[in-house]
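Everything below concerns the one structure shown next.
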Amino acid sequence: MTTIATAFNTLPLSAAMLANLDSLGYVEMTQIQAQSLPVILKGLDLIAQAKTGSGKTAAFGIGLLNPINPRYFGCQALVMCPTRELADQVAKEIRRLARAEDNIKVLT
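Be aware that the sequence shown starts at 1, since it is given in UniProt numbering, and climbs by one per residue.
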């Protein structure tokens, strides 16, 4: 049986991102985060499904923010949501995840 690391500090994330996650109360990954983030951070494609409130937005948000180059001023990521309400929720969470990084703009 394989043990999956569940602490965010086991991931190859910047010190600023790890400090921000800690300040947001993200210390241990949820199951969906522990299974998906290592794959996402390797740049691989992933399809995942989990219940509401399981941490999916944080999982793909962290993976989305990690490779962004703040010195490049063009669009570097696009998230499509089926409703305006979900788009607002996702944007709010990505803004929280990005607040420790300079020059990251999230638009809806």
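The beta carbon of each residue, even a glycine, is placed where N, CA and C say it ideally should be.
Return the Cβ separation of residue i and residue j in integer angstroms, given the expectation that the two are a contact with Cβ distance under 8 Å.
i: Ala-100; j: Met-17; result: 6 Å
Do you know how far the Cα of residue j is from the Cα of residue i?
i: Asn-20; j: Gly-53; result: 20 Å
i: Ile-69; j: Lys-51; result: Residue identity differs from the one stated: residue 69 is Asn in this sequence, not Ile. So the two alpha carbons sit approximately 31 Å from each other.
i: Cys-81; j: Ile-62; result: 17 Å
i: Arg-96; j: Gly-43; result: 22 Å
i: Lys-105; j: Val-79; result: 13 Å
i: Ala-15; j: Asp-22; result: 11 Å
i: Glu-85; j: Leu-41; result: 27 Å
Going along the chain, which residues of its own chain have a beta-carbon closer than 6 Å to the beta-carbon of residue i, five neighbours each way excluded?
i: Thr-57; result: Val-90 and Glu-93
i: Ala-98; result: Leu-65 and Ile-104
What does a CB cutoff of less than 8 Å around residue i pick up in its chain, not counting 5 residues either side in sequence?
i: Tyr-26; result: Phe-8 and Ala-58
Please determine, among the options, the residue with the shortest C-alpha to C-alpha distance to residue i.
i: Thr-83; options: Thr-108, Pro-70 and Asp-102; result: Thr-108
i: Asn-66; options: Leu-24, Val-39, Glu-85 and Cys-81; result: Val-39
i: Glu-28; options: Thr-6, Arg-95, Gln-35 and Val-79; result: Thr-6
i: Arg-71; options: Asp-102, Leu-41, Leu-24 and Gln-49; result: Asp-102
Which residues in the same chain have their Cβ closer than 7 Å to the Cβ of residue i, if we skip the five residues on either side of it in sequence?
i: Ile-47; result: none
i: Gln-33; result: Gly-55, Ala-58 and Ala-59
i: Ala-77; result: Leu-64 and Ile-68
i: Ile-4; result: Ala-34 and Gln-35
Does any residue of chain C bring its CB to less than 9 Å from the CB of residue i?
i: Gly-53; result: No chain C is present in this structure, which holds just one protein chain.
Start-end ranges of the beta strand (DSSP E) lying completely within the region 27-96, minimum 3 residues:
none
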